[in-house]
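J.: 154 is the number that our numbering gives to position 118 of the sequence shown; each next residue is one higher, with no gaps.
Quick one: structure below, then a few questions.
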Amino acid sequence: MPAADTDHNPAGHPCFAANARAHAGRIHLPVAAKHTIRRRFGEPETPGRALSPRDVTQWLERVLAEGTSISMVGITGPGEPLAEPGPTFETLRLVRQKHPELALTLATNGLSAAQHAEELTRLGLAHVTVLVDAVDPLIVEQLYAWIRPGTRTLPLPEAARLLVDEQTRAIRAFREAGLFVKVNMTVIAGINEEHVADVASVVATLGADMLALVPFHPVCSGPACCDPACCDPVDGEVGAPKAPDAARMEELRELAGRCITIMPAFDSCGQSIVGLEQATPELCLIPALPGPSGARVNVAVASASGLDVDLHLGQAVRFLIFGPRESDGLPSLIGTREAPEPVSTGVPGSGNARWEALAETLHDCFAILAASAGAPPREFLATKGITVLTGEAQIQGAVDTLFGGGKKGCKKRVKAN
């Protein structure tokens, strides 16, 4: 399968080579909805929202059409891309078919990843990044709040051992499949700082091509978020875990470099990174929001109060319909529509009848705003050209955003689906 020149050439990669960062841009496409691990430190309270393959590829087309220089497409976040690989593989195929000149990459924590190595090779990935913060299960236990490889959360000691084993298998499988493997290690003072040399030695032995040492960046919301033994006090209280200073990071890179090639220190992967706003889950910052198109020019809102998006999609008995006002084109309330009655026939799959009826009712809408919604209706309505956006927001601000009116009124956060 054809791929870009950067695919197996680290010198041209915006992450691997400092000289490439001045001209090579990268975009992150967040299609992973399922989370399989949770770090104790540095995690946002509310992760960004996963988008559909259709939404992220449309966003990519808009970014390219605007003239942004992009050479690499990364599948990363907000969850684990290989936990539910369908959307990940679909996105990779769509991008490869439309833009064979763009290099593809993916970041994974390694859980259940080894089995997908051959498919990732067939899809033409440039490289894969495995997130390894420790190779000792006892240190893993200090780093993670929970690990959920399947449908249930395992006891942490058992899960820590499993994570180390799965990451070992993943690195080996990726290399055997011919992929360039980069390992990312987040370094936290007092927890895994003294473990860097061990990680470098182990992943090098497994066949990893490169190691990136990333200093910890705190995201902390109070005394409960971290262990006092490794945190700086803030106003008399426990603060965030400490990152090693720049001099110490250089020492660690030199130490690890005795075992494996080290990625040059970096602030960001390329001059034209797009998608960093995914870290904030506010509706007004989601880059791939749908917009009016063709006959679909309106937005439906599930609301009991008439002021806020405050109803679950299935609870709505009627929808407020917002669309462009005839006089000046500004988005305004233009009416209400009754929601179809739930349909229950006892036949498997008949639940879609309700959403089919809703799609017909909202035939001129490109989006529905609801406080929450299940995966089946979201996925079904997406096939009908209607994007379901879930979260808490003031109606007018959210509607203005969808119609390109900026961030006015965006005061509440959208929750992850």
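All residues carry an ideal CB built from backbone N, CA and C; glycine is no exception.
Compute the Euclidean distance between the alpha carbons of R294 and A240, then round it to the nearest angstrom.
T.: Going by the C-alpha atoms only, they are around 10 Å apart.
J.: Beta strand (DSSP E) containing S368: first to last residue?
T.: That run of the beta strand (DSSP E) goes 367-374.
J.: In angstroms, rounded to a whole number, what distance separates the CA positions of V353 and G359?
T.: Each residue's alpha carbon lies about 20 Å from the other.
J.: Write down the C-beta distance between L128 and L159 rounded to the nearest angstrom, noting that I regard them as a contact closer than 8 Å.
T.: The pair is a contact, with the Cβ atoms about 5 Å apart (cut-off 8 Å).
J.: Rounded to whole angstroms, what is the Cα-Cα separation between L247 and A236?
T.: Taking the straight line joining both Cα atoms gives about 7 Å.
J.: Do you know offhand how far P412's Cα is from E287's?
T.: P412 and E287: Cα-Cα distance of roughly 51 Å.
J.: Hey, P173 and R197 are a contact pair by Cβ (cut 8 Å); roughly how many whole angstroms apart?
T.: That pair is a contact at about 5 Å.
J.: In angstroms with no decimal places, state the Cα-to-Cα distance between I227 and A283.
T.: Between I227 and A283, the C-alpha separation is close to 18 Å.
J.: Could you work out which residue in A209, I63, E194 is closest to S148 when comparing CA atoms only?
T.: Checked all of A209, I63, E194; the closest Cα to S148 is A209.
J.: May I ask you to list the residues that DSSP assigns as paired with H348?
T.: In the DSSP output, where bridge partners are listed per residue, H348 has S408.
J.: May I have a chain-ordered list of the alpha helix (DSSP H) segments no shorter than 4 residues that lie completely inside the segment 183-231?
T.: Here the runs fully enclosed are 192-212.
J.: Considering only residues of the same chain and omitting the five flanking positions on each side of T372, which have a CB-CB separation below 8 Å?
T.: Here the set comprises R354, F355, L356, I357.
J.: If you compare alpha carbons, which of E177, A213, L215, R211 is closest to L199?
T.: Minimum Cα distance to L199 is reached at E177.
J.: By Cβ distance below 6 Å, which residues in the same chain neighbour T316 in space, the five residues on each side in sequence not counted?
T.: Bear in mind that a pLDDT of 30 at T316, under 50, signals an unreliable position, so the number given afterwards is only what the model happens to contain. No residues qualify anywhere along the chain.
J.: Exposed or buried, what is Q203 when buried is set at 16 or more other beta-carbons lying within 10 Å of its beta-carbon?
T.: Label assigned to Q203: buried.
J.: Per DSSP, what kind of secondary structure is G433 in: helix, strand or coil?
T.: It is helical.
J.: In terms of alpha-carbon separation, which member of R211, S88, A68 lies closest to Q151?
T.: Here the closest residue by C-alpha is R211.
J.: Could you give the distance in angstroms between the alpha-carbon of D436 and the alpha-carbon of P367?
T.: About 7 Å.
J.: Taking the C-alpha atoms as reference points, what is the distance between L190 and I183?
T.: Whole-angstrom Cα-Cα distance: 7 Å.
J.: State the start and end residues of the unbroken alpha helix (DSSP H) segment that holds V109.
T.: Here V109 belongs to no alpha helix (DSSP H); instead the beta strand (DSSP E) covers 108-111.
J.: If I follow the unbroken alpha helix (DSSP H) through M285, where does it start and stop?
T.: Note, M285: alpha helix (DSSP H), 282-292.
J.: Whole angstroms are fine: how far does the CA of L215 sit from the CA of P251?
T.: Approximately 26 Å, taken between the alpha carbons.
J.: Return the chain-ordered list of same chain residues with a C-beta closer than 6 Å to the C-beta of T165, the five sequence neighbours on each side being excluded.
T.: The residues are A143, K218, N220.
J.: Using beta-carbon positions only, say whether I404 and L349 come within less than 9 Å of one another.
T.: In this structure, L349 lies closer than 9 Å to I404 by Cβ.
J.: For a quick check, are the C-beta atoms of A233 and A279 less than 9 Å apart?
T.: No. Outside cutoff.
J.: Using a Cβ-Cβ cut-off of 6 Å (strictly less than) and excluding sequence neighbours within five positions of T423, which residues of its own chain qualify?
T.: Contacts found: P326, A403.
J.: Thinking C-alpha only, which one of A395, R74, V99, G410 is nearest Q351?
T.: Cα-wise, what sits closest to Q351 is G410.
J.: So L249 and M285 are supposed to be a Cβ contact under 8 Å. How far apart are they, rounded?
T.: Yes, L249 and M285 are in contact; Cβ-Cβ is about 6 Å, under 8 Å.
J.: Output the distance between the C-alpha atoms of L394 and E374, rounded to the nearest integer angstrom.
T.: Distance between the alpha carbons of L394 and E374 is about 9 Å.
J.: Mapping the DSSP letters down to three states, classify H163 as helix, strand or coil.
T.: Three-state result, H163: strand.
J.: Tell me which same chain residues have a C-beta within less than 6 Å of the C-beta of T426, skipping the five on either side of it?
T.: Answer for T426: A406, S408, A409, N453, listed in chain order.
J.: Going by DSSP, which residues form a beta bridge with R332?
T.: Answer by DSSP bridge pairing, in chain order: S329.
J.: Quick one: using the 10 Å Cβ neighbour count with 16 as the cut-off for buried, is R90 buried or exposed?
T.: R90 should be labelled buried.
J.: Pull up the distance between the alpha-carbon of I17 and that of A181, whole angstroms please.
T.: Missing from the structure shown is residue 17; the chain here goes from 37 to 453 and no further.
J.: Since A69 contacts E120 with CB under 8 Å, what's their CB separation in whole angstroms?
T.: Correct: roughly 7 Å between the Cβ atoms.
J.: Name the residue from T112, R390, Q133 whose alpha carbon lies nearest to the alpha carbon of T124.
T.: Nearest of T112, R390, Q133 to T124, Cα basis: T112.
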